[in-house]
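> Protein chains in written order, with my numbering: chain A, 1 to 311; chain B, 1 to 290.
In structure tokens, the structure reads:
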């Protein structure tokens with residue numbers, strides 16, 4: 001998975017050695033920052049096995065050791081399986097829809113004839129990705145409220161009010177659709193680049209063989225980008241437990257915990273809001289452990305089946 | 001046959017236009033509400049065009065010092081955090097772009113960085129560690145923990161590998177050290193990649209809000225996005241200062257809320273056209289950036 005270029009090409013004498021030190025010193029800031037904000041927190045997972053009292057200090061050794069108690073508390077809490085179920089359901093639905101929407105939109109946009117119109121469309125569909133969920137959440141809370149513009153529209157068409165923000169069913173659909181809407185345009189970038197890289201000769205050959213537009217898409221475009229679809233889908237596996245925290249925390253309320261509470265929001269409420277550090281760390285450690293397994297699997301599969309390598 | 005194609009083409013053009021337009025709807029809706037009369041907004045009369053046009057919500061914002069203070073925090077965060085991210089990223093990507101043969105400990109550092117992409121300690125230990133390091137409440141808490149972005153290092157590394165090695169070799173023969181080569185030779189020819197990273201860094205800092213909420217202790221030190229979250233409708237913080245309660249009362253008006261949120265999108269929308277070509281380049285180069 002990591003590229004190793006073999007056959008060291010050593011230069012003569014001292015240059016080699018001093019280069020090595022220069023390189024290491026350049027990496028020093030990164031290493032220090034990673035140790036402080038990534039590796040120290042990993043050591044901080046000890047909190048999950050302690051009755052953690054912040055005033056005593058994290059690494060003082062004076063915390064009471066309670067073994068696996070926080071884990072058994074976490075796993076027996078009914079909120080935990082609910083959050084786990086919601087997390088997996090939301091991320092898998094989002095991933096599938098997101099992939100289909102990005103690929104579909106990329107194909108449609110690449111078929112646009114007028115290049116100005118094409119560029120304008122691209123510009124506009126990327127925009128939502130750059131608007132933070134704070135802003136979008138505020139707008140959506142106003143738009144989808146019971147007296148908001150969307151429900152007014154539904155009423156005027158003769159429909160019943162829909163509790164987008166207050167009923168579990170509509171809420172989870174709102175989460176999925178709005179997240180896909182926000183990100184699919186940005187996802188088209190990579191597919192557009194892949195489509196642009198397809199040999200035009202293939203389309204010409206297909207036309208000569210009598211293929212119409214849908215057939216050209218089916219037999220030339222899709223096979224041409226399938227490699228990248230496979231890689232991105234595989235890499236997505238690693239993120240199954242990362243549901244969009246920013247989105248949910250800006251939209252949810254206790255009414256819809258049943259379908260909208262995910263592991264990240266549960267950790268936030270238990271840990272930061274309620275200061276139950278040990279319990280929240282235990283849930284976080286579960287999430288991190290499963291995440292490690294899934295991400296490693298994802299990179300391995302992408303390497304094994306799509307020859308994808310990182311670094 | 002020809003006719004059917006043109007219908008499909010027209011349908012596709014219309015469909016793409018509609019999808020593209022939908023991406024602007026929330027922003028247009030916010031703008032319309034911010035310029036409208038409060039009562040008409042509450043009764044759901046305002047959709048995409050202001051009704052009962054007035055500027056009172058903007059007058060309110062101009063006088064709202066808490067809003068401008070949070071803008072200053074964001075500005076401060078940008079001018080310190082973005083250069084920091086860039087420098088750290090450049091100094092990490094350059095040595096890692098070397099071959100294992102010329103940088104003996106390369107794979108050690110690669111694993112050190114790569115492992116953080118696979119596993120992390122989670123929110124709570126991260127929060128406790130930053131607390132223990134006594135960074136909470138200061139600007140450092142907003143710029144140090146997010147300074148290293150493995151995906152960005154990867155992106156720059158991939159770019160550096162596309163540069164011709166001869167440029168560097170000639171400088172080496174002229175007796176330049178590695179630092180001089182990096183800052184005098186490599187960086188000037190890496191401007192496109194650096195612009196991409198700069199765009200990413202600005203966006204990351206501009207949109208970050210959660211670190212502000214949990215690390216900055218008091219609302220008057222919140223950056224803009226954290227301030228908007230804090231004054232939003234769904235939250236009820238226990239430790240609100242009196243000034244903040246006055247703010248919150250003002251925020252009860254939907255037009256004020258809409259105006260604040262809309263104004264906060266403007267800087268990004270204004271620079272967005274300039275950013276666009278850089279981030280599309282970065283996506284294709286980084287391939288794993290999401």
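Idealized CB from N, CA, C, for every residue including glycine.
1) Within 10 angstroms of its Cβ, does residue 72 of chain B collect 16 or more other Cβ (buried), or is it exposed?
2) Report all residues from its chain with a CB closer than 7 angstroms to the CB of residue 217 of chain A; omit the five preceding and five following residues, and keep chain order.
3) Out of A/36, A/167, A/235 and A/48, point me to the one whose CA is closest to residue 92 of chain A's CA.
4) Any idea if residue 50 of chain A is buried or exposed, counting beta-carbon neighbours within 10 angstroms, 16 or more meaning buried?
5) Establish whether the CB of residue 160 of chain A and some CB of chain B are separated by less than 9 angstroms.
6) At a CB-CB cut-off below 8 angstroms, which residues of chain B make contact with residue 19 of chain A?
7) If we call anything under 9 angstroms between Cβ atoms a contact, is residue 123 of chain A one with residue 19 of chain B?
8) Within 9 angstroms (strictly less), CB to CB, does residue 111 of chain A reach chain B?
9) Would you check if the distance between the CB atom of residue 268 of chain A and the CB atom of residue 245 of chain A is smaller than 9 angstroms?
10) Taking DSSP's pairing of strands, which residues face residue 50 of chain A in a bridge?
11) Mind checking the region 204-230 of chain A against chain B and listing, in chain order, the residues whose C-beta falls within less than 7 angstroms of any C-beta there?
12) May I have a chain-ordered list of the alpha helix (DSSP H) segments no shorter than 4 residues that lie completely inside the region 128-181 of chain A?
13) Could you give the first and the last residue of the continuous alpha helix (DSSP H) run that contains residue 236 of chain A?
14) Starting from residue 38 of chain A, find everything on chain B with Cβ-Cβ shorter than 7 angstroms and list it in chain order.
15) Would you identify the three-state DSSP class for residue 190 of chain A, choosing helix, strand or coil?
16) Please tell me whether residue 198 of chain B has its Cβ less than 9 angstroms away from any Cβ of chain A.
17) For the region 104-131 of chain A, list the alpha helix (DSSP H) runs that are entirely contained and at least 4 residues long, ordered along the chain.
18) Are residue 278 of chain A and residue 263 of chain A touching if we call contact CB-CB under 9 angstroms?
19) Measure the CB-CB distance between residue 255 of chain B and residue 57 of chain B and report whether it falls below 9 angstroms.
20) Just confirm the distance between the C-beta atoms of residue 130 of chain B and residue 81 of chain B, as a whole number of angstroms; I'd bet it's less than 8 angstroms.
21) Taking a contact to mean a Cβ-Cβ separation below 9 angstroms, would you say residue 47 of chain A touches residue 281 of chain A in this structure?
22) Nearest chain A C-beta to residue 236 of chain B closer than 9 angstroms, yes or no?
23) Is residue 213 of chain B helix, strand or coil when you go by DSSP?
24) Under the rule that 16 or more other beta-carbon atoms within 10 Å means buried, what is residue 206 of chain B, buried or exposed?
25) With three or more beta-carbon pairs closer than 8 angstroms as the criterion, would you say the region 149-164 of chain A touches the region 182-198 of chain A?
26) Suppose the cutoff is 8 angstroms on Cβ atoms and the five residues either side in sequence are ignored; what does the same chain contact list for residue 163 of chain B look like?
27) Hey, does residue 239 of chain B have any beta-carbon neighbour from chain A nearer than 9 angstroms?
28) Buried or exposed: where does residue 119 of chain A fall if 16 or more other Cβ atoms within 10 Å of its Cβ makes it buried?
29) Using only CA atoms, which one of B/268, B/283, B/27 and B/156 lies nearest to residue 49 of chain B?
Answer, in terms of the structure:
1) exposed
2) 107
3) Of the residues A/36, A/167, A/235 and A/48, the one whose Cα lies closest to the Cα of residue 92 of chain A is A/235.
4) buried
5) no
6) 102, 103 and 178
7) no
8) yes
9) yes
10) A/65
11) Under the 7 angstroms Cβ criterion, the region 204-230 of chain A contributes 213.
12) For the region 128-181 of chain A, whole alpha helix (DSSP H) runs of length 4 or above, ordered along the chain, are 133-143 and 149-156.
13) Its alpha helix (DSSP H) spans residues 222-236.
14) Within 7 angstroms Cβ-Cβ: 116 and 120.
15) helix
16) no
17) 115-130
18) no
19) It is a contact, given that the beta carbons lie within the stated cut-off.
20) Not really, about 15 angstroms apart at Cβ, beyond 8 angstroms.
21) Taking 9 angstroms as the Cβ cut-off, residue 47 of chain A and residue 281 of chain A qualify as a contacting pair.
22) Reliability of the predicted coordinates at residue 236 of chain B is poor, the pLDDT of 42 falling under 50, and no value is obtained from them.
23) Three-state result, residue 213 of chain B: helix.
24) buried
25) no
26) 186, 189 and 190
27) Here the model assigns residue 239 of chain B a pLDDT of 39, short of 50, so the residue's position is not dependable, and the following value carries that caveat. Cβ-Cβ to chain A under 9 angstroms: no for residue 239 of chain B.
28) exposed
29) B/27 is the residue among B/268, B/283, B/27 and B/156 whose C-alpha sits nearest the C-alpha of residue 49 of chain B.
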